[in-house]
Structures are given as structure tokens and as C-alpha cells.
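Student: Dropping a structure here in C-alpha cells format, bear with me for questions.
In C-alpha cells, the structure reads:
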């Protein structure tokens with residue numbers, strides 16, 4: 002019952018009832034990533050391409066899509082990562098969640114949300130003034 006109510010009243014928690022119904026009618030599961038997000042395709046969009054979407058395991062967070070799936074879902078590549086031998090490059094970093102709005106967000110010195118003071122101005126900056 003709790004799952005039904007969450008799907009009925011929230012859009013940020015997994016999938017809504019409309020998405021569940023659309024997925025049931027038109028969706029074909031393509032694969033799943035390491036975070037548990039499930040990817041689907043089916044139907045045609047206004048440009049004639051196959052419609053692709055993701056159902057997040059937890060909260061809907063677009064930055065949680067890995068690079069291989071990002072390319073597929075945005076039609077940059079035609080082959081989904083499970084269908085090919087996609088290996089991340091050694092320079093690619095693992096996913097880090099978006100921390101904006103959380104207590105772990107970046108707050109520089111002088112921010113109103115910290116108790117640190119902004120460093121004093123050194124005076125080495127001259128403001129530009131237009132000439133005559």
C-alpha cells in the first residue's frame with residue numbers, strides 16, 4: 002500500500018503510475034546498471050527515433066546515469082552497454098552524487114552558510130574604468 006501511495010503522489014521516488022502503465026504497455030527492458038536503474042525502450046518520439054527512458058531504483062537523480070548508459074539514452078550511440086563490451090576508461094571517475102543543497106555541499110570561505118571569514122582583499126586588483 003505504501004508503494005502504491007508513493008507512486009501515486011510522488012514523481013521523484015522511482016516511477017509514477019503513469020510511467021508504470023506506459024512501461025507495461027510499450028516498454029522493452031534493455032538492461033540494468035550497477036546502481037540498479039532499469040533502462041527501457043519502445044515506441045517512437047516526434048523525431049522518429051525509438052523512445053528511451055530509465056526507471057531509477059531510488060530517487061530520480063539524472064546524474065546517477067553512468068557514462069555508457071548516458072550515451073545510449075541520449076541517442077549518441079545505437080548499442081546499449083549490455084550489448085557491447087563497454088569498459089570505462091582508466092581516467093573516468095566513478096559516480097559522485099550531486100551534493101547541492103545538502104550539508105556536504107561546497108561552501109567557500111565567506112559563504113553565509115559557514116562561520117569562516119572571507120580573506121581580506123590584498124589591493125592587487127585595479128578596477129577597469131572606461132577611457133575618455
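Residue numbers (our numbering): 2 to 133.
Glycine included, C-beta positions come from ideal geometry on N, C-alpha and C.
#1: Along the beta strand (DSSP E) that carries residue 74, what are the first and last residues, could you check?
#2: Can you look up residue 85 in the DSSP assignment and give me helix, strand or coil?
#3: Do residue 73 and residue 81 have their beta-carbon atoms positioned less than 8 Å apart in this structure?
#4: If you draw a straight line from the C-alpha of residue 86 to the C-alpha of residue 69, how long is it?
#5: Would you decide whether residue 90 is buried or exposed? Buried here means 16 or more other CB atoms lie within 10 Å of its CB.
#6: Report buried or exposed for residue 132, applying the criterion of at least 16 other Cβ atoms within 10 angstroms of its Cβ.
#7: Whose C-alpha, out of 79, 67, 105, 50, is nearest the C-alpha of residue 88?
#8: Quick check: what's the CA-CA separation for residue 111 versus residue 121?
Tutor: Concretely, from the data shown:
#1: Looking at the DSSP string, residue 74 is not in any beta strand (DSSP E); the run it does join, the alpha helix (DSSP H), is 68-74.
#2: coil
#3: yes
#4: 10 Å
#5: exposed
#6: exposed
#7: In terms of Cα proximity to residue 88, the closest of 79, 67, 105, 50 is 67.
#8: 10 Å
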